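Student: This is the structure, below, for whatever I ask next.
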Amino acid sequence: MRTASTLTSGSPRARRKVCSPLCPAGGTGLGGERGACLCGHRSRSHPSVSRDLPVMIWIYGGAFLMGSGHGANFLSNYLYDGEEIATRGSVVVVTFNYRVGPLGFLSTGDSNLPGNYGLRDQHMAIAWVKRNIAAFGGDPNNITVFGESAGGASVSLQMLSPYNKGLIKRGISQSGVALSPWAIQKNPLFWAKTVAEKVGCPMDDTARMARCLKITDPRALTLAYRLPLTRQEYPVMHYLGFTPVVDGDFIPDDPANLFANAADIDYLAGTNDMDGHLFATVDLPAIDRDSKAITEEDFYKLVSGFTAIKGPRGANTTFDVYTESWAQDSSQETKKKTVVALETDVMFLMPTEMAVAQHRANAKFQDPGRAELSPHLCLQRLPGLPGLEVAPLPSQSRDLGTSICRRCGPKKQKKKKKKE
Numbered sequence: 001m002r003t004a005s006t007l008t009s010g011s012p013r014a015r016r017k018v019c020s021p022l023c024p025a026g027g028t029g030l031g032g033e034r035g036a037c038l039c040g041h042r043s044r045s046h047p048s049v050s051r052d053l054p055v056m057i058w059i060y061g062g063a064f065l066m067g068s069g070h071g072a073n074f075l076s077n078y079l080y081d082g083e084e085i086a087t088r089g090s091v092v093v094v095t096f097n098y099r100v101g102p103l104g105f106l107s108t109g110d111s112n113l114p115g116n117y118g119l120r121d122q123h124m125a126i127a128w129v130k131r132n133i134a135a136f137g138g139d140p141n142n143i144t145v146f147g148e149s150a151g152g153a154s155v156s157l158q159m160l161s162p163y164n165k166g167l168i169k170r171g172i173s174q175s176g177v178a179l180s181p182w183a184i185q186k187n188p189l190f191w192a193k194t195v196a197e198k199v200g201c202p203m204d205d206t207a208r209m210a211r212c213l214k215i216t217d218p219r220a221l222t223l224a225y226r227l228p229l230t231r232q233e234y235p236v237m238h239y240l241g242f243t244p245v246v247d248g249d250f251i252p253d254d255p256a257n258l259f260a261n262a263a264d265i266d267y268l269a270g271t272n273d274m275d276g277h278l279f280a281t282v283d284l285p286a287i288d289r290d291s292k293a294i295t296e297e298d299f300y301k302l303v304s305g306f307t308a309i310k311g312p313r314g315a316n317t318t319f320d321v322y323t324e325s326w327a328q329d330s331s332q333e334t335k336k337k338t339v340v341a342l343e344t345d346v347m348f349l350m351p352t353e354m355a356v357a358q359h360r361a362n363a364k365f366q367d368p369g370r371a372e373l374s375p376h377l378c379l380q381r382l383p384g385l386p387g388l389e390v391a392p393l394p395s396q397s398r399d400l401g402t403s404i405c406r407r408c409g410p411k412k413q414k415k416k417k418k419k420e
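With the UniProt record's numbering, letter number 336 in the sequence shown gets 336, and the count goes up by one each step, no holes.
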């Protein structure tokens, strides 16, 4: 395993970055674990400068299809540069890369290609940090894993996996959880066959297919899949073909049944009130165009795409709930906001609400001092299904995660003075 995670310490003397070489494009093929590509750049802290700092491991998002540990480069400033959060929060920040797309999540649905290679990369990074972070001034017993979108779902899945027992103390999921409808691929063989057909591999036998795919050029495998962004029949969510699967091992069961595995882990989860905007733009591009209108038929088709398993009754009920306000205000602005609200609720808000409820139901509060912050729900209200109990997300959210990393531990009891 090539281990070169990004380590940024909060110590003023530890902000110099030394970049190690990135993994070669062909260095990791499909299905291998030993070649897990955890590469990036590194900053060292000296034990005499900082010791036992809280550790925060960042998992990036990107629909399990794209992304990197350093994020996009804006004017020579990387999106996920850990220096600021390390300095502001006095923590050690770790980022890393994991395999995405077909290389990270292609699965035949059986033992030939069980999938979840990207999740295993993440686990290997977490385990490496646990073993080695003390050398960088971090506390191996105070590790928080946090991420956004697919990274947030990854955090949730890592908490639920038995492979991470004892490795994680806290988790923070930002706009994505294990129960998000896009987080688990329920028909992986369909997508494996799609790629196999494009690269010329057998499709009638999963063992032969797997052998062929494993020796296929990784670049060809990656380019064999393309997410459709126009003229798709169903919501784009249904075309996210390469995501985690229930493999009976790393994810041994439906995530909804695994929350007991995270009973000892503190958990913070949250969403934003327009998290679904990007997906809504793909599904109904008219929402971003003043000259284009959204019709009731457009919205009903979108609703039907999300409620297919509930049939016409489910589609009609959902449509009625979300369009109730249209009787008073049928403006295009209202209708377009409703589209975004629906996609936000379905893909982010409601799954997060359910995940936090499941975590709360299974959590073990061994120390009363930890109960006030764990588990903690930070969700903002959206137009949508009624009856949600939510709390506003603090405005200084940038400091919230590091604050919880420090404050969520057991409270020290003050010694009472003996009466004379």
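A virtual CB, placed ideally from N, CA and C, is assigned to each residue, including glycine.
These numbers come from a predicted model, not from an experiment.
Quick one: is residue 343 buried, meaning 16 or more other Cβ sit within 10 Å of its Cβ, or exposed?
Tutor: Looking at its Cβ environment, which holds 16 or more other Cβ atoms inside 10 Å, residue 343 is buried.
Student: Per DSSP, residue 148 is paired with what?
Tutor: Answer is 174, bridged to residue 148.
Student: If you check the beta carbons only, do residue 116 and residue 250 fall under 8 angstroms apart?
Tutor: Closer than 8 angstroms, so yes.
Student: 8 angstroms is my cut-off, CB to CB: does residue 347 come that close to chain D?
Tutor: Looking for chain D here will not work: only one protein chain is present.
Student: Given this structure, state the Cα-to-Cα distance separating residue 388 from residue 102, to the nearest angstrom.
Tutor: Here residue 388 scores only 30 on pLDDT, less than 50, and its place in the model should not be relied on; the value that follows carries that caveat. Each residue's alpha carbon lies about 37 angstroms from the other.
Student: Out of curiosity, what's the CA-to-CA distance linking residue 105 and residue 259?
Tutor: Taking the straight line joining both Cα atoms gives about 22 angstroms.
Student: Verify whether the separation of the beta carbon atoms of residue 151 and residue 61 is less than 8 angstroms.
Tutor: Yes, these two residues count as a Cβ contact at 8 angstroms.
Student: Which whole-angstrom value describes the C-beta separation of residue 347 and residue 270, a residue pair presumed to lie in contact below a C-beta threshold of 8 angstroms?
Tutor: Between residue 270 and residue 347 the Cβ distance is about 14 angstroms, and since that is not below 8 angstroms, they are no contact.
Student: Which of the three DSSP states is assigned to residue 351 in this structure?
Tutor: Three-state DSSP puts residue 351 in a helix.
Student: Specify the secondary structure class of residue 141 as computed by DSSP and reduced to three states.
Tutor: Of the three classes helix, strand and coil, the one that applies to residue 141 here is strand, per DSSP.
Student: What residue from 158, 172, 56 and 207 has the CA that sits closest to residue 89's CA?
Tutor: Minimum Cα distance to residue 89 is reached at 56.
Student: With respect to the alpha helix (DSSP H) encompassing residue 85, which residues constitute its N-terminal and C-terminal limits?
Tutor: Per DSSP, residue 85 belongs to the alpha helix (DSSP H) from 83-89.
Student: Along the beta strand (DSSP E) that carries residue 55, what are the first and last residues, could you check?
Tutor: Start and end: 53-59.
Student: Using 8 angstroms as the Cβ pair cut-off and three pairs as the minimum, do the stretch 164-173 and the stretch 191-204 touch?
Tutor: The stretch 164-173 is not in contact with the stretch 191-204.
Student: Across the stretch 235-251 and the stretch 125-138, are there enough close Cβ pairs to call them in contact, namely three or more that are closer than 8 angstroms?
Tutor: Not touching, per the Cβ criterion.
Student: Please state whether the Cβ-Cβ distance between residue 284 and residue 273 is less than 8 angstroms.
Tutor: No, these two residues do not count as a Cβ contact at 8 angstroms.
Student: For residue 164, count neighbouring Cβ atoms within 10 angstroms of its own Cβ and tell me buried if that reaches 16, exposed if not.
Tutor: When all chains shown are included, residue 164 counts as buried.
Student: Could you give the C-beta distance for residue 58 and residue 91, rounded to a whole number, given that I count them as a contact under 8 angstroms?
Tutor: Actually they are not in contact, since the Cβ atoms of residue 58 and residue 91 sit about 11 angstroms apart, beyond 8 angstroms.
Student: Please say whether residue 158 and residue 184 have beta carbons closer to each other than 8 angstroms?
Tutor: No, the Cβ-Cβ distance between residue 184 and residue 158 is not below 8 angstroms.
Student: Use the C-beta contact count for residue 310: other C-beta atoms within 10 angstroms, 16 or more gives buried, fewer gives exposed.
Tutor: By the neighbour-count rule (16 or more Cβ atoms within 10 Å), residue 310 is not buried but exposed.
Student: For residue 269, which of helix, strand or coil comes out of DSSP?
Tutor: Looking at residue 269 - three-state DSSP - the assignment turns out to be strand.
Student: Would you report the Cα separation of residue 67 and residue 301, rounded to the nearest angstrom?
Tutor: Residue 67 and residue 301: Cα-Cα distance of roughly 31 angstroms.
Student: Can you tell me the Cα-Cα spacing of residue 351 and residue 256, whole angstroms?
Tutor: Rounded to the nearest angstrom, the two C-alpha atoms are 10 angstroms apart.
Student: Roughly how far, in whole angstroms, is the beta-carbon of residue 245 from the beta-carbon of residue 254, given that I think they are within contact range, below 8 angstroms?
Tutor: The pair is not a contact, with the Cβ atoms about 11 angstroms apart (cut-off 8 angstroms).
Student: Distance check for residue 339 and residue 213, CA to CA, integer angstroms please.
Tutor: Straight-line Cα distance between these residues: approximately 39 angstroms.
Student: Let's test the definition: count the other Cβ atoms within 10 Å of the Cβ of residue 118 and tell me whether it reaches 16, buried, or not, exposed.
Tutor: Buried is the call here.
Student: Using DSSP bridges, identify the partner residues of residue 78.
Tutor: Per DSSP, 73.
Student: Look at the alpha carbon of residue 312 and the alpha carbon of residue 328, and state the distance between them as a whole number of angstroms.
Tutor: Taking the straight line from one Cα to the other gives about 25 angstroms.
Student: Just confirm the distance between the C-beta atoms of residue 307 and residue 295, as a whole number of angstroms; I'd bet it's less than 8 angstroms.
Tutor: Their Cβ separation, rounded to whole angstroms, is 18 angstroms, which puts residue 307 and residue 295 out of contact at 8 angstroms.
Student: Can you give the Cα-Cα distance for residue 155 and residue 51, rounded to whole angstroms?
Tutor: Spanning the two alpha carbons is a distance of roughly 25 angstroms.
Student: To the nearest angstrom, report how far apart residue 304 and residue 316 are at their CA atoms.
Tutor: Roughly 8 angstroms separates the two Cα atoms.
Student: Using a threshold of 8 angstroms, state whether the C-beta atoms of residue 108 and residue 210 are closer than that.
Tutor: Yes, these two residues count as a Cβ contact at 8 angstroms.
Student: Is residue 95 helix, strand or coil when you go by DSSP?
Tutor: Three-state DSSP puts residue 95 in a strand.
Student: For residue 141, which residues of its own chain have a beta-carbon under 8 angstroms away from its beta-carbon, when the five flanking residues on both sides are left out?
Tutor: Only 169 meet the Cβ criterion.
Student: Use the C-beta contact count for residue 133: other C-beta atoms within 10 angstroms, 16 or more gives buried, fewer gives exposed.
Tutor: Burial call: buried.
Student: My understanding is that residue 287 touches residue 280, with C-beta atoms under 8 angstroms, so please give their C-beta distance in whole angstroms.
Tutor: The pair is a contact, with the Cβ atoms about 6 angstroms apart (cut-off 8 angstroms).
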